[in-house]
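Novice: Submitted below is the structure of interest, expressed as structure tokens.
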Amino acid sequence: MTFQRARTDEQRDQRRRQILGTAAAMLAEMPVAKLSLNELSRRVGLAKANVLRYFESREAILLQLLDAELTEWIAALEDSLPPAEGTPRERGDRLAKALAESAADRPVLCDLISAQAGVLEHNVSTDVAVQHKHATLRCAEALAHLTRRHLPELGTQDAFRLVGLLTLTIAAAWPYHQPPQALLDAYAADPALAGLRADFTDVVRQSIEINLTGLLTRAENTPLGANPLGVDTVQG
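According to my numbering, the sequence shown is numbered sequentially starting from 537.
Here it is, written out as structure tokens:
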């Protein structure tokens, strides 16, 4: 295909949307680790060098898709969360169940989150990193606000801490939910090992329940990562 450079802002935006749409379609077929810039370029119908005119790297494309997936997930949660009724524990358990199940229904989102820190946030410029982190912050704040609508007993900072812990749980649990064939064969061959295969939805649900119980009990309302006692951790 002969490359025709997009010469107007509208044409450039259209070309960027085409690249993002093609990448999103590929993620419905394959995991993040399998999506290559060469194959993406082939499907878009552009040389790799021409794709790089619009995005600086494969990782920059996938980070933008992650931002879009997070935004769509939160919008869907607005309409699907259960009524905020009952005791804090009852509301917390229902919230945990809804969050876990809705995340499990979005495998592309979970795969992108699991690759975010170790892969996608590498090989990008400072400008791309800043844009991505601002998008991440907006999504985290929106999800924390949604959480407090169902659990107003949580302080603002504790709701934000919960969102951070939820993200880390998804990132850690998702790869275990997608074991390679050798492990699947091992689980099938030895029933004693079957319990080691983690159920993603259950792991995320339990993690949220336990974290919510701890946050509500301790009621520290401190920023994510901060030491609530205000002292340095002693390392021996």
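Idealized CB from N, CA, C, for every residue including glycine.
Please work out which residues of its chain come closer than 6 Å, Cβ to Cβ, to residue 571, disregarding the five sequence neighbours upstream and downstream, and give them in chain order.
Specialist: These residues qualify, in order along the chain: 562.
Novice: So residue 697 is in the alpha helix (DSSP H); what residue range does that whole segment cover?
Specialist: Residue 697 -> alpha helix (DSSP H) spans 692-713.
Novice: Considering only residues of the same chain and omitting the five flanking positions on each side of residue 600, which have a CB-CB separation below 8 Å?
Specialist: Only 556, 591 and 668 meet the Cβ criterion.
Novice: Do you know how far the Cα of residue 545 is from the Cα of residue 616?
Specialist: For residue 616 and residue 545, the distance between alpha carbons rounds to 37 Å.
Novice: I'd like to know whether the C-beta atoms of residue 752 and residue 689 end up nearer to each other than 8 Å.
Specialist: In contact: residue 752 and residue 689 (Cβ atoms closer than 8 Å).
Novice: In this structure, does DSSP put residue 564 in helix, strand or coil?
Specialist: Reduced to three states, the DSSP call for residue 564 is coil.
Novice: Count the C-beta pairs between the stretch 641-657 and the stretch 743-759 that are closer than 8 Å, then say yes if the count reaches three, no if not.
Specialist: At 8 Å Cβ cutoff, the stretches do not touch.
Novice: Is the distance from the Cβ of residue 558 to the Cβ of residue 576 below 8 Å?
Specialist: Yes, Cβ-Cβ distance for residue 558 and residue 576 is below 8 Å.
Novice: Helix, strand or coil, according to DSSP, for residue 553 in the structure here?
Specialist: The answer is helix: DSSP assigns residue 553 an H, G or I state.
Novice: Identify whether residue 758 lies in helix, strand or coil by the three-state DSSP scheme.
Specialist: Of the three classes helix, strand and coil, the one that applies to residue 758 here is coil, per DSSP.
Novice: Pick from 653, 612, 597 and 678: whose alpha carbon is nearest that of residue 551?
Specialist: Among 653, 612, 597 and 678, the Cα nearest to that of residue 551 is on 597.
Novice: Look up residue 586 in the DSSP assignment and say whether it is helix, strand or coil.
Specialist: It is helical.
Novice: Using the three-state DSSP reduction, which class does residue 636 fall into: helix, strand or coil?
Specialist: Correct three-state label for residue 636: helix.
Novice: Go through its chain and collect everything with a Cβ distance to residue 634's Cβ below 7 Å, but skip five positions before and after it.
Specialist: 616, 617 and 618.
Novice: Mind the definition here: the stretch 703-716 touches the stretch 734-743 only if three or more C-beta pairs lie below 8 Å; say whether that holds.
Specialist: The answer is yes - the stretch 734-743 touches the stretch 703-716, with three or more Cβ pairs under 8 Å.
Novice: Compute the Euclidean distance between the alpha carbons of residue 603 and residue 695, then round it to the nearest angstrom.
Specialist: The straight-line gap from Cα to Cα measures roughly 20 Å.
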